[in-house]
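Student:
Numbering (the numbering used here), first residue to last: 10 to 206.
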């Protein structure tokens, strides 16, 4: 029952099975990032109109556009969550059938040195996998696209912000590069130790 694949390769294999849905999630994240980028610009314009004490019809149109943008952003997030829910259901079914097919085939003589309840309890990690995957699929695409669009917009204000944006991207990459591997090892250690309790 020992799996020799690395955790990253197992996650990538799981993601490969749901490739079309993940592309849909990224598509909605891109649309959501563009829409949410217009909200601060719209609010900035509304504040500019109010500070200038010019209440024309254009301010009302701008308010309606900002409200519509927020509603559209909410619809994008709902669609993302629907897709993620379908992925979670398929993951649960896939693992349930896998365990249902594997358990009757266990050779109890060969599995004598293995604590079988521990192996069966690993099925309960499916819910943790579902929650983690939903966080990864919902939060990371939306946040990364909003960061990219925000830094791009920021660079239009002044050329100094281009350097600042590049510096932020390099620092983020360095943090992930130097701490990501150790974080994964610690997480795997924690996961293995909880079964020893």
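Note that CB positions come from ideal geometry on N, CA and C, so glycine has one too.
Would you kindly report the start and end of the unbroken alpha helix (DSSP H) that includes residue 108?
Tutor: Unbroken alpha helix (DSSP H) run through residue 108: 66 to 111.
Student: Does the count of Cβ pairs from the segment 59 to 67 and the segment 41 to 49 closer than 8 Å reach three?
Tutor: Judged by Cβ distances under 8 Å, the segment 59 to 67 makes no contact with the segment 41 to 49, as fewer than three pairs qualify.
Student: Closer than 7 Å by C-beta to residue 74: which residues in its own chain qualify, once you throw out the five before and the five after it? Chain order, please.
Tutor: So the list reads 51, once near-sequence residues are dropped.
Student: Sorted by chain position, which residues of the same chain lie with C-beta nearer than 7 Å to residue 155's C-beta, five sequence neighbours on each side aside?
Tutor: Cβ within range, chain order: 42 and 45.
Student: Quick check on DSSP: helix, strand or coil for residue 19?
Tutor: DSSP places residue 19 in helix when its eight states are reduced to three.
Student: Tell me the start and end of each unbroken alpha helix (DSSP H) in the segment 116 to 202 that is at least 4 residues and wholly inside, in chain order.
Tutor: For the segment 116 to 202, whole alpha helix (DSSP H) runs of length 4 or above, ordered along the chain, are 125 to 130, 134 to 166 and 169 to 202.
Student: Is it buried or exposed, residue 82, if we count other Cβ atoms within 10 angstroms and call 16 or more buried?
Tutor: Buried, since its Cβ has 16 or more Cβ neighbours within 10 Å.
Student: Is the segment 30 to 40 close to the segment 102 to 118, with three or more CB pairs under 8 Å?
Tutor: Not touching, per the Cβ criterion.
Student: Along the alpha helix (DSSP H) that carries residue 57, what are the first and last residues, could you check?
Tutor: Unbroken alpha helix (DSSP H) run through residue 57: 28 to 60.
Student: Can you give me the C-alpha to C-alpha distance between residue 140 and residue 101, rounded to a whole angstrom?
Tutor: Their Cα atoms are separated by approximately 11 Å.
Student: Helix, strand or coil for residue 114? Go by DSSP, reduced to three states.
Tutor: Residue state, collapsed to three classes: helix.
Student: Where residue 131 and residue 105 are concerned, what is the direct C-alpha to C-alpha distance, given to the nearest angstrom?
Tutor: About 11 Å.
Student: Output the distance between the C-alpha atoms of residue 10 and residue 121, rounded to the nearest integer angstrom.
Tutor: For residue 10, the pLDDT reaches just 48, beneath the cut-off of 50, and the residue's location in the model is therefore unreliable, although a value from the coordinates is still provided. Between residue 10 and residue 121, the C-alpha separation is close to 13 Å.
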